[in-house]
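Student: First to last, the protein sequences are chains A and B. Numbering of the first sequence is given in this note's numbering, commencing with residue 283 and proceeding in unit increments. Numbering of the second sequence is given in this note's numbering, commencing with residue 8 and proceeding in unit increments. The beta carbon of each residue, even a glycine, is placed where N, CA and C say it ideally should be. Quantities reported herein were computed from a predicted structural model and do not represent experimental measurements. Got a structure for you, questions after.
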Amino acid sequence: EIVLTQSPDTLSLSPGERATLSCRASQRVTSSYIAWYQQKPGQAPRLLISVASIRATGIPDRFSGSGSGTDFTLSISRLEPEDFAVYYCQHYGNAPYNFGQGTKLDIK
Amino acid sequence: EVQLLQSGGLLGRPGGSLRLSCAASGFTLNSYAMNWVRQAPGKGLEWVSSISGTGATTYYTDSVKGRFTISKDDSKNTLFLQMDGLRADDTALYYCVRNGYNHVAFDMWGQGTMVTVSS
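Next comes the structure, spelled out in structure tokens:
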């Protein structure tokens with residue numbers, strides 16, 4: 283079973299700044315089956331990134347994913363007001379399809 | 008319109024049973040793997056269970072094995088989660104979620120069904 287640890291737990295930034303969120307896996311993730319999701323209060327999560335770096339349909343190009351092996355990163359190049367939310371990484375290669383504990387991105 | 012419509016909120020007793028349903032529209036369940044993901048109040052996301060497009064393969068997180076059963080009725084294009092032996096820590100918002108094609112992750116989410124387990 284792969285356990286995902288996200289850091290930091292909370293990230294406080296201002297609009298226009300760059301955000302870097304980390305997701306570390308307890309063992310190597312085959313085929314980079316790591317996804318990233320955004321969740322806003324009262325809403326279902328939304329898929330941002332699949333296979334570590336492929337943006338989902340309709341996701342702005344300020345969102346980018348990278349990484350391989352055990353270390354993965356979600357970057358947001360220039361924060362917009364609507365980007366302040368909770369972000370989760372997930373391993374979805376083989377069950378159990380565990381999620382990280384989440385990183386809350388809030389306005390500084 | 009492509010969407011997942013879930014049943015309304017449910018109240019169950021400890022040790023009791025509930026069944027969640029999720030109706031798919033705009034696509035056919037037998038073409039996609041499907042999942043249930045839950046979120047306890049104020050907490051993060053927890054994957055619960057998955058079923059393959061054919062229905063032949065199912066998976067469960069350890070805490071629900073032997074208590075929950077995922078299934079689907081392709082003729083009604085509906086996904087189910089039978090929840091038996093309910094516990095207080097099963098209280099959560101349960102999402103019905105579609106697995107995408109071609110290495111795409113969980114690409115479509117229902118609106119969620121609130122399950123409360125309380126005596």
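1. Along the chain, where does the beta strand (DSSP E) containing B:Asn42 start, and where does it finish?
2. Below 9 Å on C-beta distance, what does A:Phe381 contact in chain B?
3. Near A:Arg310, which residues of its chain fall below 8 Å by C-beta distance, leaving aside the five closest residues on each side in sequence?
4. Does any residue of chain A bring its CB to less than 8 Å from the CB of B:Phe75?
5. Would B:Val71 and B:Thr98 qualify as a contact pair, given that the criterion is a beta-carbon distance under 8 Å?
6. Would you report the Cα separation of B:Val124 and B:Leu25, rounded to the nearest angstrom?
7. Would you call the CB atoms of A:Ile358 and A:Arg300 closer than 8 Å?
8. Note down the Cα distance separating B:Ser56 from A:Gln372, rounded to an integer number of angstroms.
9. In or out: A:Asp365 buried (at least 16 other Cβ within 10 Å) or exposed?
10. For A:Pro378, would you say it is in contact with chain B, using Cβ-to-Cβ distances shorter than 8 Å as the test?
11. Where does A:Ala377 fall in DSSP's three states?
12. What residue from B:Tyr101, B:Thr120, B:Thr64, B:Val111 has the CA that sits closest to B:Asn37's CA?
13. Only counting the same chain, and skipping five residues up and downstream in sequence, which positions put a Cβ closer than 7 Å to that of B:Gln118?
14. Would B:Arg45 be called buried (16 or more neighbouring beta carbons within 10 Å of its own) or exposed?
15. For a test of the three-state rule: what should DSSP assign to A:Asp394, helix, strand or coil?
16. Under 8 Å, do A:Gln288 and A:Ser304 count as touching if we go by C-beta distance?
17. Quick check on B:Asn37: does DSSP put it in helix, strand or coil?
18. What is the C-beta distance between B:Gly16 and B:Thr120, in whole angstroms, given that I count them as a contact (C-beta under 8 Å)?
19. Chain A beta carbons: is any one of them nearer than 8 Å to that of B:Tyr39?
20. Pull the bridge partners of B:Tyr67 from the DSSP assignment, please.
21. Helix, strand or coil: how does DSSP classify B:Ser28 here?
22. Which residues, taken in chain order from the stretch 325-349 of chain A, show a beta carbon closer than 7 Å to some beta carbon of chain C?
23. Could you give the residue range of the beta strand (DSSP E) that holds A:Ile389?
24. Interface residues of chain B around A:Gln372 at Cβ under 8 Å?
Tutor: Short version:
1. 41-46
2. Val44, Gly51, Leu52, Glu53, Trp54
3. Gly351, Thr352
4. Cβ-Cβ to chain A under 8 Å: no for B:Phe75.
5. no
6. Taking the straight line joining both Cα atoms gives about 10 Å.
7. yes
8. B:Ser56 and A:Gln372: Cα-Cα distance of roughly 14 Å.
9. In this structure A:Asp365 is buried. Its beta-carbon is surrounded by 16 or more other beta-carbon atoms within 10 angstroms.
10. True, the Cβ-Cβ gap to chain B drops below 8 Å.
11. coil
12. Nearest of B:Tyr101, B:Thr120, B:Thr64, B:Val111 to B:Asn37, Cα basis: B:Thr64.
13. Gln13
14. Result: buried.
15. Residue 394 of chain A is absent from the model: chain A starts at 283 and stops at 390.
16. Cβ atoms of A:Gln288 and A:Ser304: closer than 8 Å.
17. DSSP places B:Asn37 in the helix class (H, G or I) of the three-state scheme.
18. 6 Å
19. no
20. B:Ser56
21. strand
22. Considering every chain present, this structure includes no chain C. Its protein chains are A and B.
23. Element bounds for A:Ile389: 385-389.
24. Leu52, Trp54, Ala112, Phe113
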